[in-house]
Amino acid sequence: MSKAPIPDAFPEGARIAVLTTQPLGRPLDYRAPAGGVRAGAFVEVPLGPRKVLGVVWGAGTGEVAATKLRAVLRVLDAAPMRPELRAFLERAADYTLTPLPAMLRLATRAPGLGDPPAMRRLYVPGERAPTRLTDARARVLDALEAATSGLTLAELTEAAGASASVVKGLAAQGAVAEIATPRDAPFPRLDPEARGKPLSADQASAAAELRAGMASGGYATTLLKGVTGSGKTEVYLEAVAECLARGRQALVLLPEIALTAEFLDRVEARFGARPAEWHSGLTMTERRRVWRMAGEGGAQMVVGARSALFLPFADLGLVIVDEEHDSSYKQEEGVLYNARDMSVLRAAHAGAQVVLASATPSLETWANVEAGKYRRLELAARFGAVLPEMRAIDMRAEGLPAGRWISETLARGVETRIAAGEQALLFINRRGYAPVTLCRACGHQIGCPDCDARLVEHRFLKRLVCHQCGESIPKPDACPECGKEESLAAIGPGVERLAEEAQARFPEARLAVLSSDLFASARALKAEIAAIAEGGADIVIGTQLVAKGHNFPLLTLVGVIDADLALHGSDLRAAERTFQLMRQVAGRAGRSGKPGVAMLQTHQPDHPVIRAILAGDEEGFWRAEAAARQAAGMPPYGRLAGVILSGPEPEPVFQLGQALARADGPLRRIGAEVWGPAPAPIARIRGRHRVRLLVKAAKGAPLQPALAEWIAQVEVKAPLRLAVDIDPQSFF
Ligand code: ADP
Ligand code: ZN
1 MSKAPIPDAF PEGARIAVLT TQPLGRPLDY RAPAGGVRAG AFVEVPLGPR KVLGVVWGAG
61 TGEVAATKLR AVLRVLDAAP MRPELRAFLE RAADYTLTPL PAMLRLATRA PGLGDPPAMR
121 RLYVPGERAP TRLTDARARV LDALEAATSG LTLAELTEAA GASASVVKGL AAQGAVAEIA
181 TPRDAPFPRL DPEARGKPLS ADQASAAAEL RAGMASGGYA TTLLKGVTGS GKTEVYLEAV
241 AECLARGRQA LVLLPEIALT AEFLDRVEAR FGARPAEWHS GLTMTERRRV WRMAGEGGAQ
301 MVVGARSALF LPFADLGLVI VDEEHDSSYK QEEGVLYNAR DMSVLRAAHA GAQVVLASAT
361 PSLETWANVE AGKYRRLELA ARFGAVLPEM RAIDMRAEGL PAGRWISETL ARGVETRIAA
421 GEQALLFINR RGYAPVTLCR ACGHQIGCPD CDARLVEHRF LKRLVCHQCG ESIPKPDACP
481 ECGKEESLAA IGPGVERLAE EAQARFPEAR LAVLSSDLFA SARALKAEIA AIAEGGADIV
541 IGTQLVAKGH NFPLLTLVGV IDADLALHGS DLRAAERTFQ LMRQVAGRAG RSGKPGVAML
601 QTHQPDHPVI RAILAGDEEG FWRAEAAARQ AAGMPPYGRL AGVILSGPEP EPVFQLGQAL
661 ARADGPLRRI GAEVWGPAPA PIARIRGRHR VRLLVKAAKG APLQPALAEW IAQVEVKAPL
721 RLAVDIDPQS FF
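Read in our numbering, the sequence shown has 42 at position 42, and its numbers run on one by one without any break.
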């Protein structure tokens, strides 16, 4: 992957190019400092009156006159960025049409990156119980319990919402302990020789193939396909073992932070120690430690969210993308990238293996297997269990009264399961109480003041919330439009309303509601999940949070309240998403021994997608879906790029869109088409009006250079904004 050899050490005074995280677009020339500097070194350089962080990108370009050349101020005490990561950032920037400095920012998200290592004081749970447990003291102890490692005083007071004197008081009693530790200590060693569970024949042969791939020492991507519960995790942990045994580092990406805790426990059981974790819930101190240890090899394994892909690994040997089809791998704000695709790119540069694990792979991955680019390994059977039986409930025949969503057929199923001491899951992919609040007197629907979206009632919070911008208002007593009292009605179901109906329908049952917004912390959610797994509920009511990977051994019935929900609308992936989601949710049932059943409430039992789900004819579904996309020239057989324009006034945004549409020469030259401008489906978010264009090109067409040339023709002046979304997953 490397280009022409570039010198990697520069003597004092040499002209070097430094890429900073400032929005300048390209590296700038500087003079190497006393003692010289290596390519990839993290440095501090002067920029105007400021000092900024940068990375030595290579030899200087000569753009700055020798007399004006300024010297690097300081070389930071951090492992230099490896050529592999620099090359990856360049390619990723080109692919996503992102300025290189913005890519560098993703790779340098470590606070105090240049600070020297030092000791610091941390707080951990103490030996004794506190003499008197006030609310503030309880919060401090809770926060310490929740933290994976110790917390600094600042982190602890922040997390607990308590003052430093509360912490000091507890320390004086011995209820919390103060310890001095070096910043950035290496993570405990994982033992690659530790034995995993004895594997089934299927698992053993898949594991052997993955181990052999690791042994080859180079890049390759493998799809590890297997129904939920088939033991994919056990198999890819074997690849991790092989990777660690070879002294290389492994990265495991998970689609949901809530899954991390359970996964960390499994890794600890398998390798005798916990890996490093990387996600938005980390403290600054933890972040810095993981970043540095990834770079110095003090973290053998990192488990994390998509941004972990940009860590400066010393020797990345393996990337696992678990639930690779999950749409949350697409970053939808800031730099728009798909972590699954970028994993493959990074691995190609690092000479690493990639394992894409899923029960329901994306059509993109399926097509790459068909094209021979990815290998495919399959686990056919469930480990020690059988797949759930799939049944449709024809809602046209159920005659449910308005305002009710649980059919008699489903309700009887639930009762039977509860009576047998088993659990039932009622699934609805909608947070909150009701999606629409309507005035019965005047017909007004309460919307967000800043977005083109209706407010969603969250009864638990007693507020109406905008799912676009997060803004919320207390639920009014009277209609804000006509002023009539007590005229507001909730329309349609959300997970909270379904819980209300279930409680009324099954008054004896113990209910647990799982929706991401109902939990104050990842820890509270984790505790609830653990309680459910141990039988602490009869009925689980949940959103898509429950579809992802959790293991509830007692769960034998899954009821999907509205299987048609995602089929409506014009999303390119509507069929694919519905198919994946239904199979994932159904896969929660009957994971340990007892056979499970999934019941899909649908108004269109004859819809081809619903029929494919019921029949479990996966290959058939993929072939039909692939043929349809191929015929339409749609991804993965053609390419799309979205352009989103926005601004505070609608008119200039639309004019910019029209100017772009007119200037389509560069796109026509590569045979691409432009659609739009059209108002975006959500035409206003956070007070900004939004207009979209969509570019469609043939698979092999040089899309990015053409897009760059096309966009460069128009001037986008603040407050207008233009964002390019390569391979868009969403079209809102
Ligand atoms: P997947 O990742 O495919 O959903 P998991 O690896 O989580 O499947 O396995 C599902 C369940 O089966 C887990 O509880 C796991 O511990 C158990 N399991 C899988 N393989 C084995 C094995 N070889 N021996 C014992 N238990 C296993
Ligand atoms: Zn809003």
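Virtual Cβ for every residue (Gly too), placed ideally from N, Cα, C.
Unbroken alpha helix (DSSP H) run spanning residue i, endpoints
i: Val465; result: Note, Val465: premise wrong, no alpha helix (DSSP H); beta strand (DSSP E) at 463–465.
i: Ile610; result: 608–615
i: Pro83; result: 83–96
i: Gln713; result: Neither: Gln713 is in no alpha helix (DSSP H) and is coded neither H nor E.
i: Pro652; result: 650–662
i: Leu144; result: 135–146
i: Pro666; result: 665–669
i: Ser343; result: 339–350
i: Val240; result: 232–245
i: Arg105; result: 100–107
Alpha-carbon spacing of residue i relative to residue j, whole angstroms
i: Thr67; j: Leu28; result: 15 Å
i: Ala697; j: Val674; result: 9 Å
i: Ala204; j: Leu223; result: 16 Å
i: Pro719; j: Phe654; result: 14 Å
i: Ala489; j: Gly304; result: 42 Å
i: Ala185; j: Arg289; result: 7 Å
i: Ile644; j: Leu722; result: 6 Å
i: Ser2; j: Ala371; result: Since pLDDT at Ser2 reaches only 42, below the 50 mark, its modelled position is unreliable, and the value read off the structure follows with that caveat. Near 26 Å, if we compare the C-alpha coordinates of Ala371 and Ser2.
i: Leu703; j: Ala631; result: 20 Å
i: Leu590; j: Ser343; result: For the record, residue 590 in the displayed sequence is Gly; it is not Leu. The alpha-carbon atoms of Gly590 and Ser343 are separated by roughly 33 Å.
i: Arg577; j: Ala566; result: 7 Å
i: Ile16; j: Leu106; result: 23 Å
i: Ala677; j: Gly642; result: The question names Ala, but residue 677 in the sequence shown is Pro. Distance between the alpha carbons of Pro677 and Gly642 is about 11 Å.
i: Gln713; j: Thr221; result: 38 Å
i: Ala102; j: Ala530; result: 39 Å
i: Ala628; j: Val319; result: 32 Å
i: Glu415; j: Thr543; result: 21 Å
When the options are compared against residue i, the one with the closest alpha-carbon
i: Ala615; options: Gly633, Met634, Ala589, Met582; result: Met582
i: Ala602; options: Ile561, Pro449, Leu19; result: Going by the sequence as given, residue 602 is Thr instead of Ala. Of Ile561, Pro449, Leu19, the residue nearest in Cα terms is Ile561.
i: Pro449; options: Thr437, Pro46, Gly687; result: Gly687
i: Arg183; options: Ala489, Gly298, Ala175; result: Gly298
i: Ala441; options: Glu485, Glu496, Gly58; result: Glu485
i: Gly447; options: Gly535, Leu426, Phe427, Gly470; result: Gly470
i: Pro474; options: Cys482, Leu511, Phe460; result: Phe460
i: Leu53; options: Gly112, Asp94, Ile16, Pro99; result: Gly112
i: Pro435; options: Arg375, Glu378, Glu415, Glu496; result: Glu496
i: Ala160; options: Gly174, Leu141, Lys168; result: Leu141
i: Ala241; options: Arg189, Gly295, Gly218; result: Arg189
i: Leu170; options: Leu133, Gln713, Leu151, Arg91; result: Leu133
i: Glu500; options: Glu528, Trp405, Val558; result: Trp405
i: Pro275; options: Arg139, Ala172, Ser149, Ala672; result: Ser149
i: Gly494; options: Leu455, Val75, Pro480, Pro192; result: Leu455
i: Ser230; options: Thr108, Ala308, Ala357; result: Ala357
N-terminal and C-terminal residue of the beta strand (DSSP E) that residue i is part of
i: Cys439; result: 436–439
i: Gly559; result: 555–560
i: Leu224; result: 220–226
i: Gly676; result: 673–685
i: Thr181; result: 176–182
C-beta contact flag for residue i and residue j at 8 Å
i: Pro80; j: Arg38; result: yes
i: Ala269; j: Gln300; result: no
i: His689; j: Ser646; result: yes
i: Gly272; j: Ala207; result: no
i: Trp742; j: Leu667; result: A query on residue 742 cannot be resolved here, the shown segment of the chain reaching from 1 to 732 and no further.
i: Leu525; j: Phe519; result: yes
i: Glu398; j: Glu408; result: yes
i: Asp818; j: His458; result: Outside the shown range of the chain, which is 1 to 732, sits residue 818, and nothing can be said about it.
i: Pro312; j: Gly295; result: yes
i: Leu345; j: Arg306; result: no
i: Leu451; j: Gln468; result: Before going further, note that residue 451 is Cys rather than Leu in the sequence given. A contact, by the Cβ cut-off of 8 Å.
i: Gln353; j: Ala239; result: yes
i: Leu363; j: Trp622; result: yes
i: Ala59; j: Ala32; result: no
i: Thr283; j: Phe579; result: no
i: Lys548; j: Glu234; result: no
*Which residues have a Cβ closer than 6 Å to any heavy atom of the ligand ZN, listed in chain order?*
Cys448, Asp450, Cys451, Ala453, Cys466, Gln468, Cys469, Glu471
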